[in-house]
Every structure is written in structure tokens, then in C-alpha cells.
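First up is the structure itself, then whatever we jot down about it.
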Amino acid sequence: LTADNYPNVKRDPRFSQLTREDVDHFKSILSSPSSVVYAQDDASELQGFNTDWVRKYRGQSQLVLKPKSVEEVGEILKYCNKRKLAVVPQGGNTGLVGGSVPVFDEIVVSLSAMNNIRSFDDVSGVLVCDAGVILESADSYLRERNHIFPLDLGAKGSCHVGGNVSTNAGGLRLLRYGSLHGTVLGVEAVLPDGTILNDLQILRKNNTGFDLKQIFIGSEGTVGIITGISILCPRRSNSVNTAYFGLNSFDQVKKAFIKAKKDLGEILSAFELMDGLTQDLYHTVTKKPYPLADRYPFHILIETSGSNVEHDMAKLEAFLEEVMGDEIVADGTLAQDKSQADELWKWREGLSEACAHWGGTYKYDVSIPLNEFYTLIEDCRKRFDEAGLVGGTTDESKPVVGVVGWGHMGDSNLHLNVSVRWYDKQVEKLLEPWVYEWIQKRKGSISAEHGLGFAKRDYVQYSRDATALEIMRRVKRTFDPQGIMNPPMVLFPSHQAATIS
Ligand code: FAD
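If you count the sequence shown from 1, position 120 lands on 185 in UniProt numbering, and the numbers rise without skipping.
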């Protein structure tokens, strides 16, 4: 989709058009010539920055800036604010809601050249690093020091820790290590007028006024650019076990979850759900044999992380005895070593890519109370079947390959994915606002962990009331009175009426 496809969203004429003089100015303030990528000099390099991970949104930015220090970010924003040039911060560009790419001609400020670890204290476990450090690199650095990053997700090879904090990413182990709102201790950020906020706290306790970092966590680049973070990292577990199960119904899945919490308790670090169709798509794309002899309507992946191998194994055995003995699970396998565990994880982590294999995916990342958790997928599938739009992996005349679900069940977080051959108006009409109304009726959240971005900006009222939106609007105005940060995808569009004075 390009700007021409957004009938309701127009480029705000208050923002200036980029000129050659602006580009020359940026060249003069940035230390390296490679920090400025201008379309008129090198159009090909811009493509990747203008297109999002799901290849659904495409902007027309003419300029990418890659500052190397917080001071350079400060100079960039100071100038953009003065000249009223709109900006979109970009990390690894793996966001799934169209928030990381320009919608019109916003300048992309990429954090990719700010990728240093600044310090690590192995007594407290506090890591301080640049925002542009790739998540996997941070985790590898920590592993060598017997720690781990408290967040893990399928895009770890590309996403930045600054992007993770900006989206308040949840990921695979939130169940165990909690949200970034708890683990991030501080941020260094540049405000839209170029002011540098150095709030890189390294202590857990600090009750000295407003907790400013929380404004930046999950703000999706709307209040400033995060340039550094400090984060509390747990010690690496001595004993990690991964098990993969097949189950015949969602009721059985719920029973397995109750047992896992009871038997595995504090060592339970992931409880992931994948429906049978997701496993079929992954199998079709990768040609890998299924992990179990049969493919079941539901699969779960359970991970435990503890400090004592014997103690953990005893707990796991008790759990296996109960779920097998009570016929809650139909079949299962326990990874014997790290490479087997990594292989099992691929049947969960590889699903986004497998779904996008045929052309694209409509993605909905939602929170739903567990009672009706999987009903959303069943209801959605029914809508598409009735409309005759589903062609499976073979019928190329139909837009929809399949309606599938997976998610972080331990956090009540479901990913509804409609895998398609092409993005299609008929498909969109069946999905929106139907999905959001469905969620609202169950008091769920229309965005559990991916954020709002451009994809959901017009639907936020399904999860937040007018008073909450007005307060957010005021916070945005305080930080960014000119509105230069990510203007087309602002969290709280002005067309939603203010109700507090
Ligand atoms: P980008 O995509 O570049 O940006 C995301 C948003 O943050 C944009 O609005 C951007 O403007 C803003 N931003 C980026 N960097 C900064 C900065 N330094 N300062 C201010 N604003 C900034 N998410 C989950 O929560 N859980 C998952 O399990 C999960 N799994 C995923 C699996 C795959 C295969 C993929 C592709 C994505 C997945 N995601 C998941 C989406 C997730 O939001 C991103 O992967 C990640 O958190 C975004 O980081 P990024 O560096 O790529 O940010």
C-alpha cells in the first residue's frame, strides 16, 4: 500500500518539503558521509527503509539519516523541528503494524549506526547499551557473561533493542521475565526539539517523581527518539527444557495450561500455542517432517528454565505424568539437547515467515480472556469459508490461503493471521472493523504487543476510552508541540473528540 491507497489520510501541508539545502545541512552536521542516504544520490538503498517487513506499507521518503551519537540525533531533531520536517525513527524495521516506515515523505532516522554496548555489571545484571544494538547481539553478549536479555522474539536477528522498547515488545518469555515496563530501568532519548534526556537509571528503585522512561516504552516513536537503554537482565538458567505436544481440543489446551502452572510453577518460562493449520503451513513451506507422528488440531510448546537440573526434571516428569495419564495431551516430545530444542522452537518462531510465503498476511495481535481465546479464529475462519474466499495452499484463484492462530497463550495473547496471496479489498471488508468489534465485546485489547502503528491508529477507541485518549493527546502535545514525530501514525488521532477540559 502506498499513500495513494489511503483515502482518509492526507499528508499534512504544515510540514515542509525536503530541499537540497536541507540535505546539505544534514551532511554538514553528521560526522560520516555514509550517514546521509539521499534518493537523488542513491535511490536503491532507500527501498528497504521505505518498505515494511510484511511488505504491506510503502512510503516515499527521500532521505535516510544514520546518526552515530546522541548528539547527532539531537542536531537532526533540532533542525527538523525548526524546519517542520516530519520524521520517522526506524530500528530493525521488523514492526508488524506499519509504524516503522514513512507513510508519505517523512525523513527516516535509522538507529543502525548506534550499536555499542556501553556497560554491563555482572553483579546487578544491568546492561546499558545503544538503542541500535540488535537484540540477538545483546543476547549473545550477555550469554558469554552467563546472563540473558529478558526478551526474546522471532525477529531477534534484525530488531533493535531500541525498537523493542519503543514498541514495548512482549515476546516469548514475558510469562517468566515480565514486561519491558518492569525490566527497563532507564532510557536516554532525544526530544523532538533536540533536547537530550539522560535518564539512564541503573537502579531498580527510584521514587523521585514521575517515571519518565515509561512514556517512551511503547510510544512507537511519537514522543522522541530513544538512543540508549539500561535494562535488568536475569542470569542464564543452568537447566532449560523444551517440550512440544499435540492436543485434540482447546479445552485440553486450557487444562494443560492449568497443570503447567501448578506443576512447573516458577520454572515455567514459555507456554506457546500453535493451531494445527499453522503447523501445516510451516511444514508445506519448509518441507520439514512434523515433530510428532501425527498432526493435531492444537500444539503447545512449553519451556522451563531453572537453576537445578534434577529439580527441574522432577517437576517436568510430574507434569508429563499428569498430562499424559489424564489424556490431556495426545502425544509429545521432549528435546534431548539444545539443537533439538532450537528445532522445536522453529515450529513456533517460523510461523510469521511461513504465513507470508504466498504473498502477504493480515495480522492481528490481540489479547482475549482465555475462555474465548480460540473462538476468534473459529469465527473468523467461518466468515471466510462462507464468503468462499479460501483456496488453501493449492487453489491460486482465491486470495486466502488460510486463517490461522498462534500466540503467547501464557499471556492471553493471540495472533490471528490471515495468510493471503495478494492484499484484497474483499478480505479487508470481512476483517475490519469486525475483528475489533469482536475484541471489544470480550473486553480484550486490539493490540497486545505489536503496538498501533499505522495499521491500528484509527481503531484505538475499541480498547481505550475518550478520556484516556485525550490525556495521551496532551502528553503528545507536551513532548512534541510541532507534531513532527511519526505524524501519520500518531496513537490518538485528533478526530476522536476530546471530552475533558
Ligand atoms: P522498528 O520496526 O524499526 O520500529 C517499530 C516502531 O518503533 C516504529 O513506530 C518506530 O518508529 C519506532 N522506533 C524504532 N526504534 C526507535 C527508537 N530508537 N526510538 C523511538 N522510536 C523507535 N513483537 C512482539 O512484541 N512479540 C513477538 O513475539 C514478536 N515477534 C515477531 C516475530 C517476527 C518474525 C517479526 C517480524 C516481528 C515480531 N514482533 C514481535 C514485532 C516487534 O514489534 C518487532 O519485532 C520489534 O519489537 C520492533 O523492533 P525494531 O527494531 O524492528 O523496530
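Every residue gets a Cβ at the ideal spot worked out from N, C-alpha and C, and that includes glycine.
Proximity to F214 [Cα-Cα], best of I294, I172, E253
If we check each option's Cα against that of F214, I294 comes out closest.
I need the DSSP call for P98, collapsed to helix, strand or coil.
Helix, per DSSP.
Helix, strand or coil for D430? Go by DSSP, reduced to three states.
Here D430 sits in strand by DSSP.
Please say whether H376 and R300 have beta carbons closer to each other than 9 Å?
Cβ atoms of R300 and H376: not closer than 9 Å.
What does DSSP give as the partner residue(s) for E368 in the beta ladder?
BP columns for E368 point to T307, A335.
From which residue to which residue does the alpha helix (DSSP H) around E408 run?
Element bounds for E408: 403-414.
So D444 is in the alpha helix (DSSP H); what residue range does that whole segment cover?
The continuous alpha helix (DSSP H) containing D444 extends over residues 440-452.
Are the CB atoms of H422 and S484 within a distance shorter than 9 Å?
Cβ distance < 9 Å, so S484 and H422 count as in contact.
Where the alpha helix (DSSP H) containing R538 begins and where it ends
Where R538 is concerned, the enclosing alpha helix (DSSP H) stretches over 531-544.
Could you spell out the range, first to last residue, of the alpha helix (DSSP H) harbouring residue 52?
Since the first and last residues shown for the chain are 66 and 566, residue 52 lies out of range.
Reducing DSSP to helix, strand and coil, say where C145 ends up.
Secondary structure at C145: helix, using DSSP grouped into helix, strand and coil.
Going by CA-CA distance only, name the one from G197, N306, V394 that's closest to I182.
Here the closest residue by C-alpha is G197.
From what residue to what residue does the alpha helix (DSSP H) around S184 run?
Here S184 belongs to no alpha helix (DSSP H); instead the beta strand (DSSP E) covers 182-186.
Can you give me the start and stop residues for the alpha helix (DSSP H) that K279 sits inside?
Sequence check: residue 279 is Gln here, not Lys. Here the alpha helix (DSSP H) through Q279 covers 278-281.
Who are the Cβ neighbours of L83 in its own chain at under 8 Å, not counting the five residues just before and after it?
So the qualifying residues of the chain are Q127, L128, L150, D170, I172.
Burial state of L338 (16 or more Cβ within 10 Å):
Answer is buried; the Cβ neighbour count reaches 16.
Nearest to R238 by alpha carbon, out of G163, R522, K521, E514?
If we check each option's Cα against that of R238, E514 comes out closest.
Taking 8 Å as the cut-off, is the beta-carbon of F281 closer than that to any non-hydrogen atom of ligand 1?
Indeed, a heavy atom of ligand 1 lies less than 8 Å from the Cβ.
Near F80, which residues of its chain fall below 6 Å by C-beta distance, leaving aside the five closest residues on each side in sequence?
Result list for F80: K149, A151, in chain order.
Leaving aside the five residues before and after A562 along the sequence, list all residues of the same chain whose C-beta is less than 8 Å from its C-beta, in chain order.
Unreliable placement is indicated for A562, whose pLDDT of 41 sits below 50; the coordinate value is still reported in the next sentence. Excluding sequence neighbours, A562 sits near A531.
With a threshold of 8 Å (Cβ to nearest heavy atom), would A203 be considered close to ligand 1?
For A203, the Cβ stays outside the 8 Å cut-off from all heavy atoms of ligand 1.
Please tell me whether, using a cut-off of 8 Å, the distance from the CB of P154 to the nearest non-hydrogen atom of ligand 1 is below it.
It does: the Cβ of P154 is within 8 Å (strictly closer) of some heavy atom of ligand 1.
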